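2 protein chains.
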Amino acid sequence: MSDLIRQLKDIIGDNYVLTDKSDLDNYGQDWSRLYQPDPIVAVRPGSNQEVAEIVKLCQANKVSIVPSGGRTGLSGGAVATNQELVLSLDRLNQIANFNPVDRTVECGAGVITQQLQDFASENGLFYPVDFASAGSSQIGGNIATNAGGIKVLKYGLTRDWVAGLTVVTSEGEILELNHALVKNATGYDLRHLMIGSEGTLGIITQATMRLANPPQEPTVMLLAVSDLPSVSHLLEHFQSNIDLMAFEFFSQQALEKVMAHRELKTPFADSAEFYVLVEFECPGEAEMEKAFAAFESAAENGWLVDGIISQSNQQAEELWQYREGISESIAHYPPYKNDIAVKPSLVGEFLQQVDSFVTTNYPAFENIWFGHIGDGNLHLNILKPENMDVETFKETCAKANPEIFSILKGFNGSISAEHGVGLLKKDYLNYSRSDTEIALMKAVKKVFDPNNILNPGKLL
Amino acid sequence: MSDLIRQLKDIIGDNYVLTDKSDLDNYGQDWSRLYQPDPIVAVRPGSNQEVAEIVKLCQANKVSIVPSGGRTGLSGGAVATNQELVLSLDRLNQIANFNPVDRTVECGAGVITQQLQDFASENGLFYPVDFASAGSSQIGGNIATNAGGIKVLKYGLTRDWVAGLTVVTSEGEILELNHALVKNATGYDLRHLMIGSEGTLGIITQATMRLANPPQEPTVMLLAVSDLPSVSHLLEHFQSNIDLMAFEFFSQQALEKVMAHRELKTPFADSAEFYVLVEFECPGEAEMEKAFAAFESAAENGWLVDGIISQSNQQAEELWQYREGISESIAHYPPYKNDIAVKPSLVGEFLQQVDSFVTTNYPAFENIWFGHIGDGNLHLNILKPENMDVETFKETCAKANPEIFSILKGFNGSISAEHGVGLLKKDYLNYSRSDTEIALMKAVKKVFDPNNILNPGKLL
């Protein structure tokens, strides 16, 4: 052990090998706060080469490695609970070699999402993957979990913005995957295999990211809707008439929590069962007319009972508050959260089944529904009843978990829409992936990491 | 052998087991026309289940399988030269379960690209992957080679439109990959591993494809350019001002061939060294003004010497002729073709190096350059000199191949931008992929196809 520490210090210098308890607690934990951190050491290499040397040392000493980014994950993918070495990529935070013709830029794995967004913006471009933890999540972690967020409908997932990857293998070799090419039909795309693999196949140390033209100022519609089939109609209707940026959803219960928490006034005179927030670019008069026409025909069809269209950027932001404030407004309960997805067309039916299951079996529980349902992603939040202690609540929810996942399986849904599997959901993987798929994944894992030193126990 | 044929007939019926020489020649060959077909039998199953049973039978009898689509490939990925069973997917040509909310539709692997384009159009939507062989290529083959085409700049590759895949494994199991979900962070994305794997990891029998909103009528600019750095400037300039659909390139030599072949008049009074064709949507006045302004500032910067902007759909089509007619105008030479890619920003430098290499070493050869260079994809075409016989020409070009690929390797380019590796380029794979990558690919192949019965000898 002390021998390992000495060798690590030889590779990256004394300052970057951390063994203090506070450091280990910090680097061994993610935002899930569900697991007791217990790493052996945390290291902060400063180059791809140093990462490679550390991996070789770990391979030789059979020490397991937990690759570590911003640790904003909610599935325990980056926690170290079992005497692992935490390999933090946070010093690989350089943005370099911006190329305005290719519209790409090279990012160390430790670049903060917001840092890349700002860099793009300073150069007249746009990095479109955005979510609540953009201020602390890191690009390497985003790629390892294929992060999604609030603009998936228009811009897709992190996967869609990765032009090239630098990956250190379990043998300590440095791979350059895809060389940032747009077109490259030369066999299996290992870049795509690495994306979303949660640090179990290789350590992502660098990525060439694509950038887009900045969007126009957004227009936002907030719509009051009386039933779930109408939500589905609205999605189809608006998608075919406007290029949507976001199509978000929340229930009256969610709205009430936000209004109470942020002291907002009600957006509509009469409350409705559900609300839909539609965001789109409106570059000119013609587009605004089209949007108005779509709004009016939706009203004529009875798919919405009331609606507001933002007339300024400020009003657009105000309307977003009703959706963005939900998570924080229920954080204190605390809620039992589940990040799940079905096909967008199945959201209504799935939601009703889960809702009815919870209401029937757990009548004291309150369900708060919201999500990015333009892409089928629902955030299920069950609130702890006031008179129930936290432990009982957690146990009860844990018991409900397999039942909810069984319903999900009936819809061919995903047990993790965008947070990954990590430790939290690995026991439930078979609700979303078949036995054969899991066997193939295990065999692929063995190809890339035969001695199981890369994030062992996660995902599989 | 006769036993195998009988068993195949038992599975799919007599009519769909083909052993006539003409059928075998037809089903054993692709558009490369470089290899002598020699399959043992060709079969045309009518369902996923039948495909699975055939694979099991082949596995039991150690018979190799060549999955077969429209066979429009140019790399020999679908040829059967070695007593294989050709498994044609052409009867799996149903389009079903169109979902207007999800904007997806299920296609059998044998659906013709054009058939899907037409279906989308009939339903008010758009399938954007398009290329010259759209009238005969099949969706399964497009996916197996991750086909690109002429609208990659805006719409990406086939990969970007595959929501879900049904794949028959080498053991004859039917896998449903991704269930057409938008968001699904549950481990390795085997769908993306299958895409571009050229039938070596599994047999794609069905796919759920995404559809988009139809584009507006396109506007086309044809620009005369005096040097390669200006082409690069124009790409950066127009990309940042307009959302481009296509950015195509050809040389004066290419233009001359087209004009002669299609009897077109010259687009400009004075000829230039190079030409760029820019296509974009122009939904309104504001966009057209923006495009005009971009054109004018490009001219002021000296990046173009002349230009035409289409004023009607008909004129747009006329301008496209100068680019689209190139291949057919040189087909009779015949040309030595190479489909290669570098990063868009490196196109100019790469082109110059190859051009100078060919001019120096093969002064009798004429290079015709054109390509989708907005995405870095160049079609190198060397014309056979009139006084050289075809065999000598082919041999000479084959000798030049490694030298051109060496230059390409220096640019971290791809030896196959969009046609795949197949048989044609497998000996050159190491010019684009590292030894470690190739070793990993081989190990992955072994996981999915341990007995090497799926398209053996292709790609790897």
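Quick mapping for you: the protein sequence lines, in order, are chains H and Z. Each step along the first sequence adds one to the number in UniProt numbering, with nothing skipped, and position 287 is 287. Each step along the second sequence adds one to the number in UniProt numbering, with nothing skipped, and position 352 is 352. All residues carry an ideal CB built from backbone N, CA and C; glycine is no exception. Just so you know, these numbers come straight off a predicted model, no measurement behind them.
In three-state terms, what does DSSP make of residue i?
{"i": "His372 of chain Z", "result": "strand"}
{"i": "Leu429 of chain Z", "result": "helix"}
{"i": "residue 472 of chain H", "result": "This structure does not reach residue 472 of chain H, given that chain H is present from 1 up to 460, and the question cannot be answered."}
{"i": "Leu244 of chain Z", "result": "strand"}
{"i": "Val101 of chain H", "result": "coil"}
{"i": "Glu106 of chain Z", "result": "strand"}
{"i": "Phe393 of chain Z", "result": "helix"}
{"i": "Asn123 of chain Z", "result": "coil"}
{"i": "Ser327 of chain Z", "result": "helix"}
{"i": "Ser230 of chain H", "result": "helix"}
{"i": "residue 461 of chain Z", "result": "Only positions 1 to 460 of chain Z appear in the structure, and residue 461 of chain Z is not among them; the question remains open."}
{"i": "Phe249 of chain Z", "result": "strand"}
{"i": "Leu255 of chain H", "result": "helix"}
{"i": "Ala293 of chain H", "result": "helix"}
{"i": "Ser68 of chain H", "result": "strand"}
Is the separation between the beta-carbon of residue i and that of residue j shorter than 7 Å?
{"i": "Ile309 of chain H", "j": "Ala254 of chain H", "result": "no"}
{"i": "Met194 of chain Z", "j": "Leu165 of chain Z", "result": "yes"}
{"i": "Gly172 of chain H", "j": "Lys56 of chain H", "result": "yes"}
{"i": "Thr186 of chain Z", "j": "Val66 of chain H", "result": "no"}
{"i": "Leu153 of chain H", "j": "Phe238 of chain H", "result": "no"}
{"i": "Ala134 of chain H", "j": "Tyr127 of chain H", "result": "no"}
{"i": "Leu89 of chain H", "j": "Gly69 of chain H", "result": "yes"}
{"i": "Pro344 of chain Z", "j": "Asp102 of chain H", "result": "yes"}
{"i": "Gly202 of chain Z", "j": "Val231 of chain Z", "result": "no"}
{"i": "Val342 of chain Z", "j": "Gly413 of chain Z", "result": "yes"}
{"i": "Arg262 of chain H", "j": "Thr104 of chain H", "result": "no"}
{"i": "Lys384 of chain Z", "j": "Tyr333 of chain Z", "result": "yes"}
Show which residues of chain Z have a CB atom less than 9 Å away from the CB atom of residue i.
{"i": "residue 462 of chain H", "result": "Look at the range of chain H in this structure, 1 to 460, and you will see that residue 462 of chain H is not part of it."}
{"i": "Val167 of chain H", "result": "The premise fails here: Val167 of chain H is roughly 10 Å from chain Z at the closest Cβ pair, so nothing lies under 9 Å."}
{"i": "Val421 of chain H", "result": "Ala185, Thr186 and Gly187"}
{"i": "Gly124 of chain H", "result": "Ser240"}
{"i": "Ser232 of chain H", "result": "Val101"}
Can you check which of these residues, the options, is closest to residue i by C-alpha distance?
{"i": "Gln29 of chain Z", "options": "Z:Leu57, Z:Pro215, Z:Ile438 and Z:Val86", "result": "Z:Val86"}
{"i": "Gly77 of chain H", "options": "H:Ala286, H:Gly199 and H:Asn99", "result": "H:Gly199"}
{"i": "Glu279 of chain Z", "options": "Z:Phe268, Z:Glu317 and Z:Leu304", "result": "Z:Glu317"}
{"i": "Asn367 of chain Z", "options": "Z:Ile139, Z:Thr72, Z:His192 and Z:Ser251", "result": "Z:Ser251"}
{"i": "Ile340 of chain H", "options": "Z:Asp10, Z:Val182 and Z:Glu328", "result": "Z:Val182"}
{"i": "residue 462 of chain Z", "options": "Z:Ala180, Z:Arg33, Z:Ala147 and Z:Leu424", "result": "With chain Z running from 1 to 460 in the structure shown, residue 462 of chain Z is simply not present."}
{"i": "Ser47 of chain Z", "options": "Z:Val41, Z:Leu18, Z:Asp25 and Z:Asn93", "result": "Z:Asn93"}
{"i": "Asp375 of chain H", "options": "H:Ala163, H:Gly156 and H:Val220", "result": "H:Gly156"}
{"i": "Asp160 of chain H", "options": "H:Ala331, H:Thr169, H:Ala180 and H:Val168", "result": "H:Ala180"}
{"i": "Gly457 of chain H", "options": "H:Glu391, H:Val79 and H:Ile112", "result": "H:Val79"}
{"i": "Ser170 of chain Z", "options": "Z:Leu460, Z:Asp449, Z:Arg44 and Z:Leu459", "result": "Z:Asp449"}
{"i": "Phe370 of chain Z", "options": "Z:Ala364, Z:Pro363, Z:Tyr362 and Z:His379", "result": "Z:His379"}
{"i": "Asn451 of chain H", "options": "H:Val43, H:Gln59, H:Leu18 and H:Arg6", "result": "H:Gln59"}
{"i": "Asp270 of chain H", "options": "H:Glu281, H:Phe295 and H:Ala224", "result": "H:Ala224"}
{"i": "Ser329 of chain H", "options": "H:Lys337, H:Gln321 and H:Lys257", "result": "H:Lys257"}
{"i": "Leu151 of chain H", "options": "H:Pro218, H:Gln7, H:Glu122 and H:Glu386", "result": "A quick correction: the sequence has Lys, not Leu, at residue 151 of chain H. The candidate whose alpha carbon is nearest that of Lys151 of chain H is H:Pro218."}
Quick one: which chain H residues come within Cβ less than 8 Å of residue i?
{"i": "Glu173 of chain Z", "result": "Thr436"}
{"i": "Gly76 of chain Z", "result": "Per Cβ cutoff of 8 Å: no residues; Gly76 of chain Z is ~13 Å from chain H at best."}
{"i": "Phe292 of chain Z", "result": "None at all; the shortest Cβ gap to chain H is about 16 Å."}
{"i": "Asn377 of chain Z", "result": "Val182 and Lys183"}
{"i": "Glu418 of chain Z", "result": "Lys183 and Ala185"}
{"i": "Leu380 of chain Z", "result": "Within 8 Å Cβ-Cβ: nothing; Leu380 of chain Z doesn't reach chain H, min ~14 Å."}
Show which residues of chain Z have a CB atom less than 7 Å away from the CB atom of residue i.
{"i": "Met441 of chain H", "result": "Gly187 and Tyr188"}
{"i": "Glu236 of chain H", "result": "Pro100 and Val101"}
{"i": "Asp243 of chain H", "result": "Asn213"}
Along chain H, in chain order, which residues have C-beta atoms closer than 9 Å to that of residue i?
{"i": "Gln239 of chain Z", "result": "Pro100, Val101, Arg103 and Asn213"}
I want to verify the contact list: residues of chain C whose CB lies under 8 Å from the CB of residue i, in sequence order.
{"i": "Ala286 of chain Z", "result": "Absent from the structure: chain C. Protein chains present are H and Z."}
So with CB distances below 7 Å, who are the chain H contacts of residue i?
{"i": "Arg433 of chain Z", "result": "Thr186 and Gly187"}
Name, please, each residue of chain Z whose Cβ falls closer than 8 Å to the Cβ of residue i.
{"i": "Gly196 of chain H", "result": "Ala185, Gly187, Tyr188 and Asp189"}
{"i": "Leu429 of chain H", "result": "Thr186 and Gly187"}
**OP:** Return the residues of the stretch 402-416 of chain H that lie within a Cβ-Cβ distance of less than 8 Å from chain Z, sorted by chain order.
**Re:** Asn412, Gly413, Ser414, Ile415 and Ser416
Original post:
What are the residues of the stretch 129-160 of chain H that lie near chain Z, defined by any Cβ-Cβ distance shorter than 9 Å?
Top reply: So the list reads Thr145, Asn146, Ala147, Gly148, Val152, Leu153, Gly156, Leu157, Arg159 and Asp160, given in the order they occur along the chain.
Original post:
Of the residues that make up the stretch 327-359 of chain Z, which ones have a beta carbon closer than 7 Å to any beta carbon in chain H?
Top reply: Ala341, Lys343, Pro344 and Ser345
**OP:** Using a Cβ-Cβ cut-off of less than 9 Å, give me the residues of the stretch 443-457 of chain Z that come near chain H, in sequence order.
**Re:** Ala443, Val444, Lys445, Lys446, Val447 and Phe448
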